[in-house]
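Undergrad: So the protein lines, in turn, are chains A and B.
The first sequence runs contiguously to residue 402 in this note's numbering.
The second sequence runs contiguously to residue 402 in this note's numbering.
2 protein chains.
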Amino acid sequence: MKLYELVGCDPKKGFSPFVWRTKLALAHKGLNYETVPVTFTEIKETLAFAGSKTVPVLVDGENVISDSWDIACYLEDTYPDHPSLFGGDTGRAAANLLGIQVGMPVLFPLFRTLVADIHGRLNRIDQDYFRETREPRIDCTIEEAAVDFEGSLKVFQLGLASYNAYLKTSSFFSGEKPAYADYIIYSSFLWAKRTSPKVILDKDDPIAKWLERMDGLFNGLGAKVQLIEKD
Amino acid sequence: MKLYELVGCDPKKGFSPFVWRTKLALAHKGLNYETVPVTFTEIKETLAFAGSKTVPVLVDGENVISDSWDIACYLEDTYPDHPSLFGGDTGRAAANLLGIQVGMPVLFPLFRTLVADIHGRLNRIDQDYFRETREPRIDCTIEEAAVDFEGSLKVFQLGLASYNAYLKTSSFFSGEKPAYADYIIYSSFLWAKRTSPKVILDKDDPIAKWLERMDGLFNGLGAKVQLIEKD
């Protein structure tokens with residue numbers, strides 16, 4: 172299998188949270204793959220074959236699948252004898268809902284928190300593209316978001332309140348064992364770890380303890396993730 | 172089985188959203204029960220036997236269970252041969268998370284929207300208790316919340332955005348068939364329907380279409396719910 176993943180100035184350090192969802196799903200299923208790095212400005216041409224304007228794109232033999240959610244469903248349906256990502260149809264529906272729910276209260280303020288750090292880890296040509304496409308999303312300049320990052324971080328932490336409350340009763344978002352619901356959340360933290368030196372959690376939060384449990388999975392796949400060095 | 176449920180001035184019209192979760196769970200499991208009406212000021216004495224300060228309380232033979240989530244888990248574990256509420260352990264974890272997630276962005280602004288209407292449907296003695304215990308939760312008087320109900324309603328509708336987005340891809344929150352995740356959300360609308368004449372949804376919202384599907388379940392259990400008449 173071949174997985175197209177987004178990179179900045181270091182082609183070995185993919186950072187997209189949606190690609191991380193796929194990498195974790197592949198690890199959960201115990202499937203091998205190689206990665207193909209793509210920068211922001213290469214996406215259009217490189218992923219044209221897949222009819223996709225976004226990463227991840229997965230190529231599995233004859234099959235080309237884009238969108239992290241569609242890829243998760245593809246893996247679950249195509250490899251049913253490997254460990255389940257959803258634990259059944261109800262769990263699949265719930266993971267789909269969670270992937271949508273995490274957007275506005277969690278991913279969006281985290282993006283505003285990280286946006287200047289991400290920008291600083293891109294090649295110059297990608298920086299221009301990133302500014303042009305992302306500033307309209309945050310309704311301010313990257314520099315303004317950088318100045319106000321503590322406000323965004325606070326919104327992000329408030330957005331985690333229900334997740335922290337839940338983790339007082341359970342080890343993982345999928346129950347006793349981690350599965351796709353956990354990867355949806357964990358991918359956001361790997362995104363942050365790759366792109367920013369900022370400390371975004373209080374270490375006593377239940378979600379910080381859960382992160383430690385997640386870091387222990389798949390031979391430390393997430394634990395080994397390092398910050399992209401600035402050029 | 173005996174289910175203790177909260178009522179206002181009409182002992183036949185229970186309105187607590189958490190009791191509705193249990194009623195829908197019992198209907199889903201195909202289990203029969205009788206209800207015992209309890210008013211706000213009766214709760215302490217009537218439910219002392221259960222060690223609970225809140226409804227619902229379910230009595231099933233020798234077993235006394237309180238808290239809607241614990242009751243759902245009890246029913247699932249005690250009646251495993253009846254239709255499943257969770258569809259497995261992952262679905263159970265997801266329903267637990269959803270029950271927490273729906274609180275702040277959905278239930279809380281809906282409570283502020285309804286609070287004056289609920290107050291108007293209680294007996295005088297319960298009105299005093301309700302004001303004393305609920306005004307601190309909404310950080311204003313009931314009358315102030317009534318004046319600003321459109322603001323609260325807007326927050327509630329914004330809180331439904333991710334649920335509306337999800338329903339563009341699926342019939343029910345539990346997938347192709349309704350289950351406990353759906354009852355968590357549906358119970359909020361039955362609460363509103365019992366206590367308030369306000370129109371709280373745009374009829375073109377995906378969630379309004381889903382409500383119609385939910386109204387068709389269990390011989391119209393929810394469809395038949397009527398507003399409590401003012402005394």
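Beta carbons are placed, not taken as given, at the ideal position from N, Cα and C, and that holds for glycine.
Since the model is a prediction, treat every value here as computed from it, not as a measurement.
1. For the beta strand (DSSP E) containing Pro208 (chain A), name the first residue and the last one.
2. Just checking, does the stretch 305–322 of chain B make contact with the stretch 213–225 of chain B on the three C-beta pairs under 8 Å criterion?
3. Looking at C-beta atoms only, is the number of pairs between the stretch 210–222 of chain A and the stretch 172–189 of chain B that lie closer than 8 Å three or more?
4. Within the continuous alpha helix (DSSP H) that includes Lys364 (chain B), where are the two ends?
5. Does the contact criterion of 3 or more C-beta pairs under 8 Å hold for the stretch 382–392 of chain A versus the stretch 366–383 of chain B?
6. Interface residues of chain A around Phe344 (chain B) at Cβ under 7 Å?
7. So, at 8 Å on beta carbons, what are the nonlocal neighbours of Val209 (chain A) in its own chain, with the 5 sequence-adjacent residues on each side left out?
8. Out of A:Thr193, A:Ser255, A:Lys184 and A:Val230, point me to the one whose CA is closest to Tyr357 (chain A)'s CA.
9. Give the interface partners of Ala336 (chain B) over in chain A, defined as CB-CB distance under 8 Å, in chain order.
10. Measure how close the beta-carbons of Ile378 (chain B) and Gly270 (chain B) come, nearest whole angstrom, since I'm counting them as under 8 Å.
11. According to the Cβ coordinates, are Leu229 (chain B) and Tyr245 (chain B) closer than 9 Å?
12. Taking buried to mean at least 16 other C-beta atoms within 10 Å of its own C-beta, is Ile399 (chain B) buried or exposed?
13. Label Gln397 (chain A) either buried or exposed according to how many other C-beta atoms from any shown protein chain fall within 10 Å of its C-beta, with 16 as the threshold for buried.
14. Identify, in the order they occur along the chain, each residue of the same chain with its Cβ nearer than 6 Å to the Cβ of Pro182 (chain B), setting aside the five sequence neighbours on each side.
15. Residues of the stretch 272–285 of chain B in Cβ contact with chain A at a cutoff of 9 Å, in chain order, please.
16. With a cut-off of 9 Å, does the C-beta of Glu347 (chain B) fall near any C-beta of chain A?
17. At the 9 Å Cβ level, is Ser359 (chain A) part of the contact set with chain B, yes or no?
18. Using the beta-carbon count (16 or more within 10 Å), is Gly322 (chain B) buried or exposed?
19. Could you tell me whether the Cβ of Ala221 (chain B) comes closer than 9 Å to any Cβ of chain A?
20. Going along chain B in order, which residues have a C-beta closer than 7 Å to the C-beta of Phe189 (chain A)?
21. To which residues does DSSP link Val178 (chain B) through a beta bridge?
22. Any idea which residues DSSP pairs Asn234 (chain B) with across the strands?
23. What does Phe327 (chain B) reach in chain A if we use C-beta pairs closer than 8 Å?
24. From the DSSP secondary-structure annotation, give me the bridge partner or partners of Lys374 (chain B).
25. State the beta-bridge partners of Gly346 (chain B) as determined by DSSP.
26. Name the DSSP bridge partner or partners of Lys173 (chain B)?
TA: Taking the geometry as given:
1. Counting from one through the first sequence, the residue named residue 208 (chain A) turns up at place 37. Taken as a continuous stretch (DSSP letters only), the beta strand (DSSP E) holding Pro208 (chain A) covers Glu205 to Val209.
2. Not touching, per the Cβ criterion.
3. Short answer: they don't touch.
4. For the purposes of this step, residue 364 (chain B) is identified with residue 193 of the second sequence, where counting begins at 1. For Lys364 (chain B), the enclosing alpha helix (DSSP H) has its first and last residue at Tyr351 to Thr366.
5. Segment contact: the stretch 382–392 of chain A against the stretch 366–383 of chain B, fewer than three CB-CB distances shorter than 8 Å; contact not assigned.
6. Within the second sequence, numbered from 1, the residue matching residue 344 (chain B) stands at position 173. Near Phe344 (chain B) (Cβ distances below 7 Å), the residues of chain A are Ala264 and Leu268.
7. Walking along the first sequence from the start, residue 209 (chain A) turns up at place 38. Within its own chain, the residues whose Cβ lies closer than 8 Å to the Cβ of Val209 (chain A), once the five positions on either side in sequence are excluded, are Tyr175, Glu176, Leu177, Val178, Thr217, Leu218 and Val226, listed in chain order.
8. Position 186 of the first sequence, counted from the first residue, corresponds to residue 357 (chain A). Closest by alpha carbon: A:Thr193.
9. On the second sequence, residue 336 (chain B) is found 165 positions in, with the first residue counted as 1. Those are Ile271, listed as they occur along chain A.
10. Start at 1 with the first residue of the second sequence, and residue 378 (chain B) comes out as number 207. Start at 1 with the first residue of the second sequence, and residue 270 (chain B) comes out as number 99. Contact annotation, Ile378 (chain B) with Gly270 (chain B): C-beta distance approximately 17 Å; criterion of less than 8 Å not satisfied.
11. Within the second sequence, numbered from 1, the residue matching residue 229 (chain B) stands at position 58. Within the second sequence, numbered from 1, the residue matching residue 245 (chain B) stands at position 74. Cβ distance < 9 Å, so Leu229 (chain B) and Tyr245 (chain B) count as in contact.
12. As a position in the second sequence, residue 399 (chain B) is number 228, starting the count at 1. Of the other Cβ atoms in all chains shown, 16 or more fall within 10 Å of the Cβ of Ile399 (chain B); this residue is therefore buried.
13. Translated into the one-based positions of the first sequence, residue 397 (chain A) becomes position 226. Burial check for Gln397 (chain A): the Cβ neighbour count within 10 Å stays below 16, so the residue is exposed.
14. Here residue 182 (chain B) refers to the residue found at position 11 of the second sequence. Same-chain partners within the cutoff: Pro208.
15. Of all residues in the stretch 272–285 of chain B, the ones placed with a Cβ closer than 9 Å to any Cβ belonging to chain A are Gln272, Val273, Gly274, Met275 and Pro276, in chain order.
16. By 1-based counting over the second sequence, the position of residue 347 (chain B) is 176. Cβ-Cβ to chain A under 9 Å: yes for Glu347 (chain B).
17. In the first sequence, residue 359 (chain A) corresponds to position 188, counting from 1. So, not an interface residue.
18. In the second sequence, residue 322 (chain B) corresponds to position 151, counting from 1. Gly322 (chain B) comes out exposed.
19. As a first step, residue 221 (chain B) is located in the second sequence; it is residue number 50 there, counting from the start. No - not a single Cβ of chain A is within 9 Å of the one on Ala221 (chain B).
20. Here residue 189 (chain A) is taken as the residue at index 18 of the first sequence, counted from 1. Neighbours of Phe189 (chain A) on chain B: none; closest Cβ ~16 Å, over 7 Å.
21. On the second sequence, residue 178 (chain B) is found 7 positions in, with the first residue counted as 1. Residue pairing by DSSP places Val178 (chain B) opposite B:Gly185 in a beta bridge.
22. For the purposes of this step, residue 234 (chain B) is identified with residue 63 of the second sequence, where counting begins at 1. Partner(s): B:Asp231.
23. Counting from 1 along the second sequence, the entry for residue 327 (chain B) is found at position 156. Simply none; closest approach about 15 Å.
24. Here residue 374 (chain B) refers to the residue found at position 203 of the second sequence. DSSP, once it has assigned bridges, lists no residue as partnering Lys374 (chain B).
25. As a first step, residue 346 (chain B) is located in the second sequence; it is residue number 175 there, counting from the start. Answer by DSSP bridge pairing, in chain order: B:Phe343.
26. Indexing the second sequence from 1 puts residue 173 (chain B) at position 2. Paired residue(s): B:Glu205 and B:Val230.
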